[in-house]
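Here the working numbering = 1-based position in the sequence shown + 22.
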Amino acid sequence: MDLGLKNKKCFVMSSSKGIGKGIATALAAEGANVIISSSNLGNLQIASDEIFSKTKVKPTLLEADAKKLDEYLKKVSDLFNSLDGVDILVTNSPGPAPIHCDQLSEANLQGSLDVNLKAQILTSQLALPFMVKKKWGRLIHLTSTTAKEPEEGMILSNLTRAAVGAYSKTVSREYGKYGITSNSILTGGVLTDRTFELSKKEALEKNVAVEEIINHSNQLFPTGYFPKPDEFGQIIAFLTSANSGFLNGLSLPIDGGLLRSH
Numbered sequence: 023m024d025l026g027l028k029n030k031k032c033f034v035m036s037s038s039k040g041i042g043k044g045i046a047t048a049l050a051a052e053g054a055n056v057i058i059s060s061s062n063l064g065n066l067q068i069a070s071d072e073i074f075s076k077t078k079v080k081p082t083l084l085e086a087d088a089k090k091l092d093e094y095l096k097k098v099s100d101l102f103n104s105l106d107g108v109d110i111l112v113t114n115s116p117g118p119a120p121i122h123c124d125q126l127s128e129a130n131l132q133g134s135l136d137v138n139l140k141a142q143i144l145t146s147q148l149a150l151p152f153m154v155k156k157k158w159g160r161l162i163h164l165t166s167t168t169a170k171e172p173e174e175g176m177i178l179s180n181l182t183r184a185a186v187g188a189y190s191k192t193v194s195r196e197y198g199k200y201g202i203t204s205n206s207i208l209t210g211g212v213l214t215d216r217t218f219e220l221s222k223k224e225a226l227e228k229n230v231a232v233e234e235i236i237n238h239s240n241q242l243f244p245t246g247y248f249p250k251p252d253e254f255g256q257i258i259a260f261l262t263s264a265n266s267g268f269l270n271g272l273s274l275p276i277d278g279g280l281l282r283s284h
């Protein structure tokens with residue numbers, strides 16, 4: 023199926039590793055002009071080489087740190103102005119620190135709000151006027167199953183991911199008439215570096231091998247496995263395509279059936 027993504031301009035936030043890189047790879051494989059971003063230029067260069075080796079598309083790189091929010095937004099604004107906007111925006115951020123309610127402080131709450139909420143919303147606000155002018159656009163907001171089923175020890179994720187989903191739904195209602203769709207993706211786990219980090223933390227707490235934790239986690243999915251970033255990216259590529267115009271306002275779990283709610 024031709025997804026109609028050839029030469030579309032796509033900006034993927036936080037995309038030097040993990041899910042973001044998987045999505046950027048899938049979009050590049052469809053012939054899109056992909057911009058990847060990260061605070062770490064070295065990681066971006068490695069990701070760019072890997073994407074090119076798989077797709078023969080060389081991504082544009084944007085070194086920008088969402089923890090320095092004003093500076094980050096200025097760089098994104100300059101980029102969008104230089105390109106006359108982007109056709110597809112995928113908002114993404116590093117996972118919030120896994121903490122319990124009694125560990126919540128003004129400092130870590132504000133930090134998570136900046137990186138995991140404000141950066142996504144304000145980047146979208148920068149992209150939307152260009153999409154309105156073109157009468158076409160796709161917004162994909164990566165959140166988490168915690169946005170629908172909050173988990174213990176994930177208070178920052180529970181709060182920020184739900185808020186991003188609410189923003190996405192509002193945009194879908196207000197901008198659908200311009201040919202713009204906005205959907206949030208409830209990720210339930212992808213085999214990324216962050217997955218390994220959380221698994222290592224749990225393995226240390228339980229004094230077991232990290233492989234045991236990952237194997238146990240695999241069994242939590244009805245599908246029996248964590249998806250790899252490239253598999254996940256291919257699903258997102260369809261949601262950004264010319265064929266997905268009626269898919270709007272979704273809070274879509276891509277979790278292998280992990281969520282128990284419907």
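Don't be surprised by glycine CBs; every beta carbon is placed ideally from N, CA and C.
Checklist entry - For the alpha helix (DSSP H) that residue 130 lies in, which residues bound it at each end? => result 128-135
### Task
Thinking residue 176 and residue 114 are a contact (beta carbons under 8 Å), I'd like their distance in whole angstroms, please.
Not confirmed; about 17 Å, so no contact.
Margin query: Excluding the 5 residues flanking residue 134 on each side, which residues of the same chain have their C-beta closer than 7 Å to its C-beta?
Written below: 118, 178, 182
Entirely enclosed alpha helix (DSSP H) segments - the stretch 54-138, minimum 4 residues
63-77, 91-105, 128-135
Practice task
List the endpoints of the continuous alpha helix (DSSP H) containing residue 156.
Solution key: 141-156
With distance defined between alpha-carbon atoms, name the residue in 280, 145, 254, 263 nearest to residue 107.
145
Quiz item: Alpha carbon to alpha carbon, how far is residue 219 from residue 204?
Solution: 30 Å
Where residue 233 and residue 210 are concerned, what is the direct C-alpha to C-alpha distance, given to the nearest angstrom?
19 Å
Measure the Cβ-Cβ separation of residue 58 and residue 44 and say whether it is below 9 Å.
-> no
Legend entry - Proximity of residue 244 and residue 201 at Cβ, strictly below 9 Å: no
By Cβ distance, which residues of its chain are closer than 8 Å to residue 69, with the 5 residues on each side in sequence left out? 37, 38, 39, 43, 46, 58, 60, 81
Residue 209 - partner residues in DSSP beta bridges: 276
Q | Whole-Å CB distance - residue 13 paired with residue 249, under 8 Å assumed | A | It is not possible to answer for residue 13, since the shown part of the chain is limited to 23 through 284.
Hey, could you find the ends of the beta strand (DSSP E) residue 222 is sitting in?
Run containing residue 222: none in the beta strand (DSSP E); it sits in the alpha helix (DSSP H), 215-228.
Practice problem: Compare the Cα-Cα distances from residue 143 to each of 172, 189, 79 and report the closest residue. | Solution: 189
In the DSSP assignment, find the unbroken beta strand (DSSP E) run with residue 33 in it and report its ends.
-> 31-34
Does the distance from the CB of residue 53 to the CB of residue 29 come in under 9 Å? yes
Item to check | Pairwise C-alpha distance: residue 160 and residue 262 | outcome: 6 Å
Can you tell me which residues form a DSSP beta bridge with residue 160? 110, 203
### Query
How would you call residue 184, buried or exposed, if buried means at least 16 neighbouring beta carbons within 10 angstroms?
buried
Exercise. Take residue 32 and list the residues in its own chain whose beta-carbon comes closer than 6 Å to its own, dropping the five residues that flank it on each side.
Key: 49, 54, 56, 110
Taking the continuous alpha helix (DSSP H) assigned at residue 252, which residues delimit it? 251-261
Go ahead and pull the three-state DSSP assignment for residue 25. coil
When the Cα atoms are used, what is the spatial distance from residue 162 to residue 149? 12 Å
Exercise for review: Please report how far the alpha carbon of residue 180 lies from the alpha carbon of residue 274, in whole angstroms.
Suggested key: 16 Å
* **Supposed contact pair residue 226 and residue 280 - C-beta distance, whole angstroms, cut 8 Å** => The pair is not a contact, with the Cβ atoms about 24 Å apart (cut-off 8 Å).
For residue 260, I'd like the list of residues in its chain whose CB is within less than 7 Å of its CB, leaving aside the five on either flank, ordered along the chain.
25, 266
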